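The sequence shown finishes on residue 105 if you use the working numbering, and the numbering steps up by one all the way, no holes. Glycine included, every Cβ here is placed at the ideal spot set by N, Cα and C. Source: prediction; values computed, not measured. A short worksheet on the structure shown next.
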Amino acid sequence: MRKSDLINNISEKTGIPKVDVLVTVETLIKEVKENLSSGENIYIRGFGSFITKKRAAKIGRNIKKNTAVHIPEHYIPAFKPAKEFVAEVKENYKPQQ
9 MRKSDLINNI
19 SEKTGIPKVD
29 VLVTVETLIK
39 EVKENLSSGE
49 NIYIRGFGSF
59 ITKKRAAKIG
69 RNIKKNTAVH
79 IPEHYIPAFK
89 PAKEFVAEVK
99 ENYKPQQ
């Protein structure tokens, strides 16, 4: 499912115009990005948490030149689903053929 499919589904189920749903989804995504960038985590009860994880500094390897490369400490975004969300997916999952 793509973002456009998601917007179409929400619009059909709620009766809200697609333009309004698009603006809402875009604003949600923008807010998640801004809050994670500023170091603030987002917790949505029953759905999950958008968090930042710290990656420690390490030594990597450039395979082409066979040299060691220092990779500095950095933060990455992550999503941790809520227990209810995981349980619902496990219970209702139907693989696509």
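According to DSSP, residues forming a beta bridge with residue i
| i | result |
| --- | --- |
| Pro103 | None, per the DSSP bridge assignment. |
| Arg63 | His82 |
Three-state class that DSSP yields for residue i in the structure shown
| i | result |
| --- | --- |
| Ser46 | coil |
| Ala95 | helix |
| Lys41 | helix |
| Asn70 | strand |
| Ile18 | helix |
Residue from the options with nearest C-alpha to residue i
| i | options | result |
| --- | --- | --- |
| Val33 | Ser19, Asn43, Gly23 | Ser19 |
| Ser12 | Gly23, Val27, Ile59 | Val27 |
| Glu42 | Arg53, Lys98, Thr60 | Thr60 |
| Ala86 | Ile50, Val31, Thr35 | Ile50 |
Sub-9 Å separation of residue i and residue j beta-carbons
| i | j | result |
| --- | --- | --- |
| Ala65 | His78 | yes |
| Leu44 | Phe55 | no |
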